[in-house]
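**Q**
In the working numbering, the protein residues as written are 19 to 184.
(1) Smallest Cα separation from residue 57: which of 96, 64, 79?
(2) For residue 150, does the three-state DSSP call read helix, strand or coil?
(3) Taking the beta strand (DSSP E) that residue 42 belongs to, which residues open and close that run?
(4) So with Cβ pairs under 8 Å, would you call residue 112 a contact of chain B?
(5) Take residue 135 as the anchor and find which of 47, 31, 43, 105 has the nearest alpha-carbon.
(6) If you run the structure through DSSP and keep just helix, strand and coil, what is residue 94?
(7) Is it true that the segment 142 to 150 meets the segment 80 to 93, where meeting means three or more beta-carbon pairs spaced less than 8 Å apart?
(8) Starting from residue 122, trace the beta strand (DSSP E) both ways and give me its first and last residue.
(9) Can you tell which of 111, 53, 91, 76 has the C-alpha that lies nearest to the C-alpha of residue 23?
(10) Could you check if residue 79 is buried or exposed, using at least 16 other CB atoms within 10 Å of its CB as the buried criterion?
(11) Determine the DSSP secondary structure at residue 145, reduced to helix, strand or coil.
(12) Let me check understanding here. Comparing Cα to Cα, which of 100, 63, 62 lies closest to residue 71?
The structure is reproduced here in structure tokens:
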């Protein structure tokens with residue numbers, strides 16, 4: 019049995035439920051992470067995350083089951099990934115041994131000096147749904163902070179006129 023997915027007319031990527039809304043996987047990820055550099059790799063509650071320069075945090079999950087991938091050497095992963103930027107994404111439906119399908123979602127990160135090829139990282143499409151957004155991102159669910167240009171100016175009140183008593 020073939021997998022049935024609704025695909026985006028612009029880029030052919032699957033349209034998935036992300037943050038409770040049907041969204042193109044590529045457009046969503048590109049909006050938040052496209053071209054952004056990884057500044058850190060952190061681990062919380064057994065899940066490791068790539069932290070991007072715009073403060074988004076991408077959990078790295080197993081593509082077939084969605085569980086967190088193991089990161090046995092966090093320092094080595096930091097050294098390997100810091101400074102790389104997200105350049106491209108690919109996906110292909112893959113038939114698993116149990117007869118179910120999973121989307122093999124791969125992220126292509128930029129090369130570092132001395133490397134011949136880009137770095138490919140395989141993760142689950144669930145990573146998009148579990149992406150941590152800073153409050154400045156329209157996908158954060160928080161109201162956008164008001165820009166300085168739109169903030170009301172705080173002007174001191176004029177001095178009160180004193181009335182003389184007669």
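In this text, a Cβ means the ideal position worked out from N, Cα and C, and glycines have one as well.
**A** Result, derived from the coordinates:
(1) Residue mapping note: residue 57 aligns to position 39 of the chain shown, counting from 1. Among 96, 64, 79, the Cα nearest to that of residue 57 is on 96.
(2) Reading the chain shown from its first residue, position 132 is the one you call residue 150. Shown here, residue 150 sits in a strand according to DSSP, grouped into three states.
(3) Sequence index remark: in the chain shown, residue 42 carries index 24 (1-based). Taken as a continuous stretch (DSSP letters only), the beta strand (DSSP E) holding residue 42 covers 39 to 42.
(4) In summary, chain B is missing from the structure at hand, where a single protein chain is found.
(5) Position 117 of the chain shown holds residue 135. Per the Cα distances, 105.
(6) Working through the chain shown from its first residue, we reach residue 94 at position 76. Residue state, collapsed to three classes: helix.
(7) Segments in contact, yes.
(8) Here residue 122 is taken as the residue at index 104 of the chain shown, counted from 1. Taken as a continuous stretch (DSSP letters only), the beta strand (DSSP E) holding residue 122 covers 119 to 127.
(9) Position 5 of the chain shown, counting from 1, holds the residue named residue 23. Its Cα nearest to that of residue 23, the residue 111 stands out among 111, 53, 91, 76.
(10) Along the chain shown, one-based indexing puts residue 79 at 61. A buried status is given to residue 79, since no fewer than 16 other beta-carbon atoms sit within 10 Å of its beta-carbon.
(11) Here residue 145 is taken as the residue at index 127 of the chain shown, counted from 1. Helix, per DSSP.
(12) Within the chain shown, the letter at position 53 stands for residue 71. Nearest in C-alpha terms to residue 71, of all of 100, 63, 62, is 100.
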